[in-house]
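Enquirer: Which chain is which? The protein sequence lines are A and S, in order. Each residue of the first sequence is one higher than the one before, starting from 482 at the first, in this note's numbering. Each residue of the second sequence is one higher than the one before, starting from 383 at the first, in this note's numbering. The beta carbon of each residue, even a glycine, is placed where N, CA and C say it ideally should be.
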Amino acid sequence: MNTAKEALESISLAIIGSGGAGAMTAGGILLEAAGKSGWHGMMNRSVGPQIRGGEAAALLRFANHPVACMSETYDLLIAIDWKNANRFAAEMPLKSDGLIIADPSAGDVPVEVSGSGATIVEIPIKDLADSIPGGRENMIATGIAAGFIGLSVDHLMAVIAASLASKGEKAITASRACVELGMEYATKQKRTFTISHPRKLESGRWLITGNEAIGLGAIRGGVRFAAAYPITPATEVLEWLAPSLAEVGGALLQAEDELASINMAIGASYGGLPSITATSGPGLSLMLESLGLATAAEVPLVVVDVMRVGPSTGIATKSEQSDLNIAVYGMHGDAPHVVVAPLTVADCLYTAQWAVHLAEAMQVPVVVLSDQSLGQARVLMEKPANLAFFAKRKVWDDAGEQPYMRYAITADGVSPMALPGTAGGQYTADGLTHSPRGTPSTRSVDQESQMQKRHDKVANFEYGSHWGLIEGDGDTVILTWGSITGPAREAIRALAAEGINVKLVAMRLILPFPLDDLMASLEGAKRILVVEQNHTGQFFRHVKSHTDLPGEVRQFHRPGPHLIGAAEISRHIRDWVKS
Amino acid sequence: MNAPTTKQFKDSDYKSDINPVWCPGCGDFHVLMSTTKALSSLGVPPENVAVISGIGCSSRIPAYTNCYGFHGVHGRSLALAAGLKVARPDLTVLAMSGDGDGFSIGGNHFLHACRRNIDMTYVVMDNRVYGMTKGQPSPTTEPDWDSALSPGGTGLSPFHPLVVALASGANFVAREFSGDIKGTAKTLVEAINHPGFSFVEILSPCVTFRPDEKEWKNTVHKAVVEPTDDPARAARRIMTDDGMNTGILYRGNRAPYRNKVTGKGSDPSVLEAMFEV
Ligand SMILES: Cc1ncc(C[n+]2csc(CCOP(=O)(O)OP(=O)(O)O)c2C)c(N)n1
Ligand code: SF4
């Protein structure tokens, strides 16, 4: 029997089982209970290609501070069974002082797992579940995990009771018995741990995925229409929006394909409603022509791309940052538009709301480049403050200038937009080159002046400090974008503990390129490591096409699905600084 | 469906001052006339009408009306129109395009617009050719029609838009001839008034690339039977007619698409409760 639990800043654990074993449910319960205990944490999933009955693993991380990425190594692995576990082993390497909880009745621990050198602890998970009427193995596993990491049974039961409310008292009683039994076995073990000094919070906790946060940010920003064609890993944005838009008086329309969904969103926005659609790489490819239409016809629009491994169908369930090129350069002609990227799961809310604001203020399409590692991760975050971004479109009413010129050249390039129903404001929105009135034109003066107007409104907009995130100081810099912000931040934290100061510059605004802000943030930099998750260094090339970076510059990038982790980033910096 | 207002409008109130790019004698001039006539007899104010199109000669029509218009990309007029109508149920929405735009590049949207049955009217100016790109065969072109792109003809059997519309769930199906301005306007009024998705194919000659279509004025004839609400009967009639039969051929009674923006709902903050731990 142990006496004191080892206190850690961060604990990582994985629960694995074949599909239907309930590993994800167990993970969800643990994460929410951790939130009730004042911990931070996040959960990601690893699923195989099978639709059902395949393997599933819940990857969890708990910490005493906000976390924005998973760990690269694990303290604890609980196996409900070992079916297909060899497929997962590479994704959740165990620390050599880690623990493997194995049910002897499930067979030998596979060598891929035992090879880590972690200690194997045998607990008869199946027999324990069978000993309780209505007992389930994943609830035993929940209890075991909670026992090891020191979560309270009351917090667990509050979460379980709420989720099983519809199943009745019997199910709740059975789950409680399982959880208590699992905990009893775990607390008997020699080595257990817990989170050190969890911070008590005033503001309360939210449990949210990146995809949900995108949806909420959009609605907060004023979106009331969405068009949808399902695609992994973006579908949850749309499935969250469907009932949520109805709740706030809006609507979601399911389309027959992405050619339709983007045009439905453009049509709704033309009618005056802030509109959104969400997709992944294959869908964005189909949308490009119409993204150009929204640019030329000056229709506000938000297109979310939850990036996955490409090209082509790639790996639908895994993350990559490889759509920067098409998002920025994919349209034919010169098509000034905006591309932004959320930096963390919590930032999905902020960035989506900002994107709506940008789209509406400039009457321009905005592409939001999220990715699977953000979209499908569930995190505990501090309850976010309400942001001041909301849709404010410059609208023409009959008190405006007469006769109405839809594409009038204005000082800031933004022309008041008449909404259908407004008498005197009739115009035809057009993707053809047009005059200020909107009449199709082949004159070079119209092409040049309208092009300039569309360029100016985007280039001269005041993006403020939202363009990026700067943390820390020093002449060594990690320059990155989007979801790599999480591991980069973590790497910097670890390096700081070793006395190596590193500055983080993470870009949220990808297009138009925030040249002055970026250069100011890099002033005095002697070493810049550019990190991104793709094969060709798309972000680096994008940066290089606008400027030369100061000091010595190195790149670290690789394609998905193997996520770039904090330890790898810090190793790069450490080797560089020490050499 | 819009209730007629008391204010009276003239046909010319629905016409803009922009000169069409169309060739002299193009059937689309007549479609523009029947459209403005239909709208004035409906009495719906021009600013409450939206005309949405794709790309092609025929798709140039929105700017020639004095309504709100959207000249989108090739083939996607129905998607633009669907989004607009769901967002703005108060508007009268017309999608208008050509046979290439609607049945070839936009063919999939045609099927699903019929199924979805949103309350709007789709007008296809069918000239059985790609006019704008100078004379290639479209899905409705005869198999032996010779052209530079398909010498000797495509050998493909033509697409049957009215039957496809019926099979896909359109709620109102009619065929008209552009030269019959009065008859076409009358049918358009009925199409616009009919709840759900109404489809009107207007035979509209391309005098430049299909001069043979100038003959249509002699070969079209009015349907001699009453419209039915039985899609199978309507389909049988259409499949067996000579393709020149005009009039309202089907009036269905499917309930139109319901999911639309109400503008009345809770404050977004109610959505936050689900995330609280
Ligand atoms: C994506 C795309 N492909 C091809 C074209 C070229 N294009 C313009 S109009 C047209 C065909 C139009 O035919 P139809 O819809 O029958 O209209 P019509 O000109 O006969 O009225 C084509 C192929 C285009 N504009 N966009
Ligand atoms: S090419 Fe044919 S369809 Fe186009 S405007 Fe001329 S006559 Fe009309």
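Check the Cβ of residue 489 (chain S) against every Cβ in chain A and list those closer than 7 Å, keeping chain order.
Expert: Near residue 489 (chain S) there are no residues of chain A at all, since even the closest Cβ is about 11 Å away, more than 7 Å.
Enquirer: Check this for me: beta carbons of residue 1047 (chain A) and residue 1012 (chain A), under 8 Å apart or not?
Expert: No, the Cβ-Cβ distance between residue 1047 (chain A) and residue 1012 (chain A) is not below 8 Å.
Enquirer: Name the chain A residues that come within less than 7 Å of residue 658 (chain S), Cβ to Cβ?
Expert: The contacting residues are 685 and 687.
Enquirer: Could you name the residues of the same chain whose beta carbon sits closer than 6 Å to that of residue 800 (chain A), not counting the 5 residues immediately before and after it, in chain order?
Expert: Same-chain partners within the cutoff: 852, 853, 854 and 1041.
Enquirer: Buried or exposed for residue 397 (chain S), going by 16 or more other Cβ atoms inside 10 Å?
Expert: It counts as buried.
Enquirer: When you compare each of S:495, S:601 and S:431 to residue 741 (chain A) by their alpha carbons, which one comes out closest?
Expert: With distances taken between Cα atoms, residue 741 (chain A) lies closest to S:495.
Enquirer: Have a look at residue 419 (chain S) and residue 574 (chain S) and give me their C-alpha separation to the nearest angstrom.
Expert: About 13 Å.
Enquirer: Reducing DSSP to helix, strand and coil, say where residue 484 (chain A) ends up.
Expert: With a pLDDT of only 49 at residue 484 (chain A), under 50, the local geometry of the prediction cannot be trusted, and the value read off the model is given with reservation. Coil, per DSSP.
Enquirer: Since residue 744 (chain A) meets chain S, which of its residues come closer than 7 Å, beta carbon to beta carbon?
Expert: Those within 7 Å of residue 744 (chain A) in chain S are 454, 458, 461, 462 and 465.
Enquirer: Compare the C-alpha of residue 552 (chain A) against each of A:538, A:581, A:506 and A:492 and name the closest.
Expert: Out of A:538, A:581, A:506 and A:492, A:492 has the C-alpha closest to the C-alpha of residue 552 (chain A).
Enquirer: In chain order, what residues of the segment 881 to 905 of chain A put their CB closer than 9 Å to some CB of chain S?
Expert: Answer set for the segment 881 to 905 of chain A: 899, 900, 901, 902, 903, 904 and 905.
Enquirer: State yes or no: is the C-beta of residue 481 (chain S) nearer than 7 Å to some heavy atom of ligand 1?
Expert: Answer for residue 481 (chain S): yes, Cβ within range of ligand 1.
Enquirer: Compute the distance between the beta-carbons of residue 618 (chain A) and residue 502 (chain A), then report whether it is under 8 Å.
Expert: Cβ distance < 8 Å, so residue 618 (chain A) and residue 502 (chain A) count as in contact.
Enquirer: My assumption, with CB atoms under 8 Å, is that residue 909 (chain A) sits in contact with residue 451 (chain S). Please give the rounded CB distance.
Expert: Contact flag correct, Cβ pair sits at about 3 Å.
Enquirer: What residue range is occupied by the uninterrupted beta strand (DSSP E) comprising residue 526 (chain A)?
Expert: Residues 521 to 528.
Enquirer: In chain order, what are the residue ranges of uninterrupted beta strand (DSSP E) at least 3 long that sit wholly in the segment 521 to 576 of chain S?
Expert: For the segment 521 to 576 of chain S, whole beta strand (DSSP E) runs of length 3 or above, ordered along the chain, are 554 to 559.
Enquirer: For residue 503 (chain S), go through chain A and note every residue whose CB falls closer than 7 Å to its CB, in chain order.
Expert: Ordered by position in chain A, no residue passes the 7 Å Cβ test against residue 503 (chain S), which lies about 15 Å from the chain.
Enquirer: In the DSSP assignment, what are the bridge partners of residue 952 (chain A)?
Expert: Its beta-bridge partners are A:985.
Enquirer: Report the rounded CA-to-CA distance for residue 615 (chain S) versus residue 640 (chain S), giving the unit in angstroms.
Expert: Distance between the alpha carbons of residue 615 (chain S) and residue 640 (chain S): 27 Å.
Enquirer: Indicate whether residue 609 (chain S) and residue 630 (chain S) have their beta-carbon atoms separated by less than 8 Å.
Expert: The answer is yes: Cβ separation under 8 Å.
Enquirer: Identify every run of the alpha helix (DSSP H) within the segment 405 to 458 of chain S, keeping only runs that are complete inside it and at least 4 residues long; order them along the chain.
Expert: Correct list: 410 to 424 and 443 to 446.
Enquirer: Closer than 5 Å between the C-beta and any heavy atom of ligand 4: which residues qualify, listed along the chain?
Expert: No copy of ligand 4 appears in this structure; the ligands present are ligand 1 and ligand 2.
Enquirer: Please state whether DSSP places residue 756 (chain A) in a helix, a strand or coil.
Expert: Here residue 756 (chain A) sits in strand by DSSP.
Enquirer: Once the 5 residues before and after residue 751 (chain A) are set aside, which same chain residues still bring their CB inside 7 Å of it?
Expert: Answer for residue 751 (chain A): 780 and 910, listed in chain order.
Enquirer: Anyone know if the C-beta pair for residue 432 (chain A) and residue 466 (chain S) falls short of 8 Å?
Expert: There is no way to answer for residue 432 (chain A), as the model of chain A reaches only from 482 to 1060.
Enquirer: Taking a Cβ distance cut-off of 7 Å, strictly less, list which residues of the segment 642 to 653 of chain S are near chain C, in chain order.
Expert: The chain inventory of the structure shown lacks chain C, comprising the protein chains A and S.
Enquirer: Could you tell me if the beta carbon of residue 511 (chain S) falls within a distance shorter than 7 Å of some heavy atom in ligand 1?
Expert: Checking the Cβ of residue 511 (chain S) against ligand 1 gives yes.
Enquirer: For the 8 Å Cβ check, are there 3 or more pairs between the segment 649 to 667 of chain A and the segment 682 to 699 of chain A?
Expert: With a cut-off of 8 Å, the segment 682 to 699 of chain A and the segment 649 to 667 of chain A do not count as touching, because too few Cβ pairs lie within range.
Enquirer: Between which two residues does the alpha helix (DSSP H) holding residue 698 (chain A) run?
Expert: Note, residue 698 (chain A): alpha helix (DSSP H), 691 to 702.
Enquirer: Looking only at DSSP bridge pairs, what is residue 627 (chain S) linked to?
Expert: In DSSP, residue 627 (chain S) forms a bridge with S:603.
Enquirer: For residue 644 (chain A), would you say it is in contact with chain S, using Cβ-to-Cβ distances shorter than 8 Å as the test?
Expert: So no, residue 644 (chain A) is outside the interface.
Enquirer: Would you grab the beta carbon distance between residue 496 (chain A) and residue 507 (chain A) for me? Rounded to a whole angstrom, and I think it's under 8 Å.
Expert: Right, the Cβ-Cβ distance comes to about 5 Å (below 8 Å), so this counts as a contact.
Enquirer: For residue 383 (chain S), which three-state DSSP category applies?
Expert: Low confidence applies here, because residue 383 (chain S) scores a pLDDT of 45, under 50, leaving its location unreliable; read the following figure in that light. Residue 383 (chain S) falls in the coil class under three-state DSSP.
Enquirer: Would you check if there are 3 or more beta carbon pairs closer than 8 Å linking the segment 950 to 962 of chain A to the segment 989 to 1003 of chain A?
Expert: As far as the Cβ criterion goes, the segment 950 to 962 of chain A touches the segment 989 to 1003 of chain A, which means the pair count is three or higher.
Enquirer: Report yes if the C-beta of residue 515 (chain S) is less than 7 Å from at least one heavy atom of ligand 1; otherwise report no.
Expert: Answer for residue 515 (chain S): yes, Cβ within range of ligand 1.
Enquirer: Which residues does DSSP list as the beta-bridge partners of residue 508 (chain S)?
Expert: Per DSSP, S:585.
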